[in-house]
Structure formats: structure tokens, C-alpha cells
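Numbering-wise, my numbering comes out as the position in the sequence shown, counting from 1, plus 40.
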Amino acid sequence: MFSPRTILLSLTLLLAPSSLTSAAPSPNPNPEPGLLPLAGKIPILDALLALGAAPPPKLLQTVNPSPECAAINKGELQCCRATVAGDVQLVEWIAKLYGYALNPDDVNGLNCDKDIDSCPGVKVCCKVTALNPLLSLWCQDA
């Protein structure tokens with residue numbers, strides 16, 4: 041099984057524009073980077089993106105709810121270096137890949153850990169932390 045860090049690197053390379061391909065002339069003056077513009081054209085990509093319709097696997101749900109988060113969302117207290125909305129394309133795609141369907145109002149943490157005492161980022165309560173340090177899903181301010 042691949043680690044979340046390996047998966048993020050792979051997805052970043054697939055979905056982000058590559059500096060290696062920018063050296064060659066492009067027949068399209070405004071090409072769309074990444075694979076998501078190909079949705080609907082490649083059946084396997086559609087199947088992967090459709091995973092968001094499935095219920096989240098029990099394996100990925102937070103198993104250690106924090107007492108500090110009991111009244112907020114029953115999630116786990118995390119220190120995240122950044123938070124992003126659920127409609128950020130890369131976050132949405134990774135979440136769907138693991139079986140989670142996000143909406144634009146969902147707050148999600150990037151590069152999160154449990155080091156709360158020396159937190160240089162944002163303290164949030166996240167319901168799904170199994171994808172750490174890559175991504176924490178359904179977070180709210182702690």
C-alpha cells in the first residue's frame with residue numbers, strides 16, 4: 041500500500057502543469073493542465089472520480105476523537121499548516137479517490153499533525169484524519 045505522501049506526490053505530478061512539458065510548443069494557446077479536464081473522455085478516470093458516491097470506508101474515519109472537539113464536531117484536534125475549501129480541485133479529487141464527497145463549504149486541512157503545543161498553523165477539529173499528513177477532511181475551528 042502506498043503512503044499518503046506518495047499518493048499526493050503522484051497526484052500532484054499528474055494534475056499540476058509540468059515544467060518539462062512547457063518547453064515544447066503547444067498547439068492549444070490556452071491548454072488546461074492536469075487530468076481533470078479529461079473527465080468524461082477517459083472511462084477509468086470517470087470510474088475513479090465516481091468513488092465519491094460510495095460511503096466512506098470505516099478504515100479512514102477518525103478513531104481517536106479529542107475531548108476538545110466533542111462539542112464541535114466529534115473530530116480529532118489537529119494542527120494544520122493551511123485550510124482550504126472543499127471545492128479546491130486537487131483536494132476534491134483526492135477526497136473522491138478515497139470515497140469522500142465534499143461540498144464547497146467544507147473546510148479541509150493540509151499538512152496536519154497532532155503537535156498542538158507548538159502549532160505554527162491553524163488548530164482545527166477534523167472528522168477524517170487517516171489521510172494525514174496529506175489531508176484532513178471536514179474540519180472546523182477548534
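For each residue, glycine too, the CB sits at the ideal point set by N, CA and C.
{"query": "Nearest-angstrom Cα separation, counted from ALA135 out to GLY92", "result": "Model confidence at GLY92 stands at a pLDDT of 48, short of 50, so the residue's coordinates are unreliable and nothing is read from them."}
{"query": "Own chain partners of ASN104 with C-beta closer than 7 Å, once the 5 adjacent residues on each side are dropped", "result": "GLU116"}
{"query": "Cutoff 6 Å; reference VAL162; Cβ partners in own chain excluding five residues on either side", "result": "CYS120 and THR123"}
{"query": "Exposed unless 16 or more other CB atoms sit within 10 angstroms - verdict on GLN118", "result": "buried"}
{"query": "Reduced DSSP category for CYS109 - H, G, I as helix; E, B as strand; rest coil", "result": "helix"}
{"query": "Coil, strand or helix - LEU130 by DSSP", "result": "helix"}
{"query": "LEU174 vs ASN148 beta-carbon contact at 8 Å", "result": "no"}
{"query": "Which residues DSSP lists as bridging GLY149, in chain order", "result": "THR123 and SER176"}
{"query": "Cβ distance (whole Å) where CYS166 is taken to contact CYS152 below 8 Å", "result": "7 Å"}
{"query": "Contact under 8 Å by Cβ, GLY126 with PRO107", "result": "no"}
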